[in-house]
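Asks:
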Amino acid sequence: MKPKYRQEKVRNEMDQTVTFEDRLAGAYYGLFIGDALAMPVHWYYDTRALKRDYGEVRDYMAPRNPHPDSILFRSSYTSRNKSVDILHNQSTYWGKKGIHYHQFLKAGENTLNLKLARESLIFLQDQGGYSKTAWLSHMVTYMTTPGNHNDTYVEEYLRHFFTQYGQGRNLLECGRKDENHIGGLSLMLPLILAFASDCEYAEKIALKHLSLTHGGPAMAYGGKIIARIILDVLHGRKLASAI
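Going by the working numbering, the sequence shown wraps up at 810, each residue one higher than the last.
1) To the nearest angstrom, how far is the alpha carbon of alanine 809 from that of isoleucine 796?
2) Can you check the region 650-703 for any alpha helix (DSSP H) of at least 4 residues that lies completely inside it and give the ranges in chain order?
3) Would you kindly work out how many angstroms separate the C-alpha atoms of phenylalanine 599 and glycine 751, rounded to a whole number?
4) Once the 5 residues before and after leucine 801 are set aside, which same chain residues still bring their CB inside 7 angstroms of it?
5) Can you tell me whether DSSP reads histidine 748 as helix, strand or coil?
6) Run through DSSP, which three-state label would arginine 795 get?
7) With DSSP collapsed to three states, give me the class of threonine 712.
8) Where do the ends of the alpha helix (DSSP H) carrying phenylalanine 762 lie?
9) Apart from the five residues just before and just after asparagine 579, which ones in its own chain have a Cβ nearer than 7 angstroms to its Cβ?
10) Note down, in chain order, each residue of its chain lying with its Cβ closer than 8 angstroms to the Cβ of leucine 617, except the 5 sequence neighbours on either side.
11) DSSP puts arginine 743 in a beta bridge; with which residues?
12) Please report the residue range of the alpha helix (DSSP H) in which aspartate 613 lies.
13) Please determine if the region 697-710 and the region 658-669 are in contact, where contact requires at least 3 C-beta pairs separated by less than 8 angstroms.
14) Compute the Euclidean distance between the alpha carbons of leucine 738 and arginine 615, then round it to the nearest angstrom.
15) What is the DSSP secondary structure of threonine 586, reduced to helix, strand or coil?
16) Suppose the cutoff is 8 angstroms on Cβ atoms and the five residues either side in sequence are ignored; what does the same chain contact list for isoleucine 653 look like?
17) Going by DSSP, what residue range makes up the alpha helix (DSSP H) through aspartate 727?
18) Within this structure, are the beta carbons of threonine 719 and tyrosine 627 separated by less than 7 angstroms?
19) From serine 637 to lysine 664, what distance separates their C-alpha atoms?
20) Taking the beta carbon of serine 650 as the centre, do at least 16 other beta carbons fall within 10 Å, making it buried, or is it exposed?
21) What does the alpha-carbon distance come out to for the pair glycine 696 and aspartate 620?
22) In the structure shown, what three-state DSSP assignment does histidine 705 receive?
23) Beta carbon of histidine 781, beta carbon of glutamate 740: below 7 angstroms?
24) So, for aspartate 582: in the same chain, excluding its five sequence neighbours on each side, which residues have a beta-carbon less than 7 angstroms away from its beta-carbon?
25) Assuming leucine 798 and isoleucine 749 are in contact, meaning their beta carbons sit under 8 angstroms apart, how far apart are those beta carbons, in whole angstroms?
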C-alpha cells in the first residue's frame, strides 16, 4: 500500500505554520545533529559506566578514552595494497583494548558514516543526479585518500566492500548480499531527503543506494518502511499516523 502524501501546510503544537521545506530542512539538520550528539556514547553497554563518563547527554561532547565496552580489539582489516587502504594512520589503534571508536573526533563532529552521508549530498549536487557506479567511485576515492576524515572506526560493511574491491571485483558486486546492520540506514537517508519532492522516485533511489553496501531482503524490507515513514512525515502526516 502506497502512503498518501499531502502537500498542504500543517500546524504544529505551537500553532506555527510548518511547510514541506521546513520539515525537509529540519530532517537534514536532525540527521547530522543526532549523529554528533550520539557519537561519544556509541556502543556503551554498561549504563553505570555511561553515566560516569558522560552523565546526561544534553549537548555535544568529546569522546573519552578509555572506552570501557570497546570491542575494537576484536575487529580487523588488512588492505591487500595501498589502493584499498581505508584505515590509514588509524590502523595502529585496531586490535587494542579500551580504544574509543571515535577517539579523535571533536565535540559536535560527525562520525564516518555521516561524513559519507554528507559526501553523497555533495556528490548529488555536483553530478546533478544519481549514478550508482559514479557514487561508488566517489566513495572509493574518499575512503582511500588520507586525511579526509579522522574517525578511528570503519564499519564492517566498508571493510567487506574494500576487501572485495581489493580482490578485483566490480564495484557493483563488492557490497554484502546478506546485510542486517542498521548503520546502512544512514547511507540511504540523504537520498530520501534529496529526492523527497517525488516520493516514489525517492524510495526507489534510496533503496538502490542502500543495496550497494547493505544488500539482502532484511535491509530492503526495513529500508522501505523507514523511507515511507520519513516521506509521509515530510509531506504532512503526523508521525503516529505514518507509523
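Where a beta carbon is used, it is the ideal one built from N, C-alpha and C, also for glycine.
Replies: In terms of the structure at hand:
1) Translated into positions along the sequence shown, residue 809 becomes position 242. Translated into positions along the sequence shown, residue 796 becomes position 229. If I take the Cα positions, the gap works out to 5 angstroms.
2) Listed in chain order, the complete alpha helix (DSSP H) runs (minimum 4 residues) inside the region 650-703 are 679-694.
3) Taking the first residue of the sequence shown as 1, we reach residue 599 at position 32. Taking the first residue of the sequence shown as 1, we reach residue 751 at position 184. A straight line joining the alpha-carbon of phenylalanine 599 with that of glycine 751 spans about 15 angstroms.
4) On the sequence shown, residue 801 is found 234 positions in, with the first residue counted as 1. If we look at leucine 801 and ignore the five residues flanking it on each side, its Cβ neighbours are Phe587, Arg590, Leu591, Ala594 and Ala763.
5) Start at 1 with the first residue of the sequence shown, and residue 748 comes out as number 181. The answer is coil: DSSP assigns histidine 748 none of H, G, I, E or B.
6) Reading the sequence shown from its first residue, position 228 is the one you call residue 795. Helix.
7) Your numbering for residue 712 matches position 145 in the sequence shown. Residue state, collapsed to three classes: coil.
8) As a first step, residue 762 is located in the sequence shown; it is residue number 195 there, counting from the start. Neither: phenylalanine 762 is in no alpha helix (DSSP H) and is coded neither H nor E.
9) What you label residue 579 is simply residue 12 of the sequence shown in a count that begins at 1. With a pLDDT of only 47 at asparagine 579, under 50, the local geometry of the prediction cannot be trusted, and the value read off the model is given with reservation. Answer for asparagine 579: Val585, listed in chain order.
10) Counting from one through the sequence shown, the residue named residue 617 turns up at place 50. Cβ within range, chain order: Val608 and Tyr611.
11) Stepping through the sequence shown from its first residue, residue 743 is reached at position 176. DSSP lists His781 as partners of arginine 743.
12) Looking up residue 613 in the sequence shown gives position 46. Where aspartate 613 is concerned, there is no enclosing alpha helix (DSSP H), given that its DSSP letter is neither H nor E.
13) By the criterion of at least three beta-carbon pairs nearer than 8 angstroms, the region 697-710 is not in contact with the region 658-669.
14) In the sequence shown, the residue the question calls residue 738 occupies position 171. In the sequence shown, the residue the question calls residue 615 occupies position 48. Using only the alpha carbons, I get a separation of about 43 angstroms.
15) On the sequence shown, position 19 is the one that residue 586 refers to. Looking at threonine 586 - three-state DSSP - the assignment turns out to be coil, as it is neither helix nor strand.
16) The count along the sequence shown starts at 1 and reaches residue 653 at position 86. If we look at isoleucine 653 and ignore the five residues flanking it on each side, its Cβ neighbours are Tyr644, Ser646, Met710, Thr711, Val721, Leu725, Arg726 and Phe729.
17) For this step, residue 727 is matched to residue 160 along the sequence shown. First, the amino acid is wrong: residue 727 is histidine here, not aspartate. Element bounds for histidine 727: 723-733.
18) The sequence position of residue 719 within the sequence shown is 152, counting from 1. The sequence position of residue 627 within the sequence shown is 60, counting from 1. Taking 7 angstroms as the Cβ cut-off, threonine 719 and tyrosine 627 do not qualify as a contacting pair.
19) By 1-based counting over the sequence shown, the position of residue 637 is 70. By 1-based counting over the sequence shown, the position of residue 664 is 97. Answer to the nearest angstrom: the Cα atoms are 7 angstroms apart.
20) Stepping through the sequence shown from its first residue, residue 650 is reached at position 83. Taking every protein chain shown into account, the CB of serine 650 has fewer than 16 other CB atoms within 10 angstroms, so this residue is exposed.
21) Position 129 of the sequence shown, counted from the first residue, corresponds to residue 696. Position 53 of the sequence shown, counted from the first residue, corresponds to residue 620. Spanning the two alpha carbons is a distance of roughly 44 angstroms.
22) Counting from one through the sequence shown, the residue named residue 705 turns up at place 138. Looking at histidine 705 - three-state DSSP - the assignment turns out to be helix.
23) Residue mapping note: residue 781 aligns to position 214 of the sequence shown, counting from 1. Residue mapping note: residue 740 aligns to position 173 of the sequence shown, counting from 1. Taking 7 angstroms as the Cβ cut-off, histidine 781 and glutamate 740 do not qualify as a contacting pair.
24) The sequence position of residue 582 within the sequence shown is 15, counting from 1. With a pLDDT of 41 at aspartate 582, under the threshold of 50, the modelled position of that residue is not reliable, and the figure given next carries that caveat. Around aspartate 582: no qualifying Cβ.
25) Locating residue 798 in the sequence shown gives position 231, where the first residue counts as 1. Locating residue 749 in the sequence shown gives position 182, where the first residue counts as 1. Actually they do not touch by this definition, with Cβ atoms about 19 angstroms apart.
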